[in-house]
Amino acid sequence: MKARITVTLKNGVLDPQGKAIEHALSGLGFDGVGQVRQGKVFDIELAGTDKAKAEADLKAMCDKLLANTVIENYAVEIA
Numbered sequence: 040m041k042a043r044i045t046v047t048l049k050n051g052v053l054d055p056q057g058k059a060i061e062h063a064l065s066g067l068g069f070d071g072v073g074q075v076r077q078g079k080v081f082d083i084e085l086a087g088t089d090k091a092k093a094e095a096d097l098k099a100m101c102d103k104l105l106a107n108t109v110i111e112n113y114a115v116e117i118a
């Protein structure tokens, strides 16, 4: 079973990397670029076929390691 976890900063949390990318894009001539927010994507392959267990395990992975839940949100997609 394949899964994708997307981790992004919560709204209101300063994103200096996003700001740097935003300014760099403008400097490269890409006008009209609004706010840029940077995040992380994890593609994970899991053994088994129990979707509910996989989702619970993936959420536990995020809570314990993959995301800093104080300042980051995460989304879990299972294919």
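Number 62 in the working numbering belongs to position 23 of the sequence shown; there are no gaps in the numbering. A virtual CB, placed ideally from N, CA and C, is assigned to each residue, including glycine.
Endpoints, the beta strand (DSSP E) within which residue i is located
i: residue 42; result: 41 to 48
i: residue 82; result: 78 to 84
Beta-carbon contacts of residue i that lie in its chain and below 8 Å, excluding the five residues immediately before and after
i: residue 80; result: 43, 44, 45 and 46
i: residue 74; result: 57 and 61
Supposed close pair residue i, residue j - CB separation, criterion 8 Å
i: residue 113; j: residue 105; result: 7 Å
i: residue 49; j: residue 110; result: 6 Å
Range covered by the alpha helix (DSSP H) that runs through residue i
i: residue 114; result: Taken as a continuous stretch (DSSP letters only), residue 114 belongs to no alpha helix (DSSP H), being part of the beta strand (DSSP E) at 111 to 117.
Contacting residues, own chain, Cβ-Cβ under 7 Å from residue i (five flanking each side not counted)
i: residue 117; result: 40, 42, 90, 93 and 94
i: residue 88; result: 40
i: residue 136; result: The displayed coordinates of the chain run from 40 to 118. Any statement about residue 136 would go beyond what the structure contains.
(request) Report yes or no: do the segment 54 to 67 and the segment 96 to 104 share at least 3 C-beta pairs separated by less than 8 Å? (result) no
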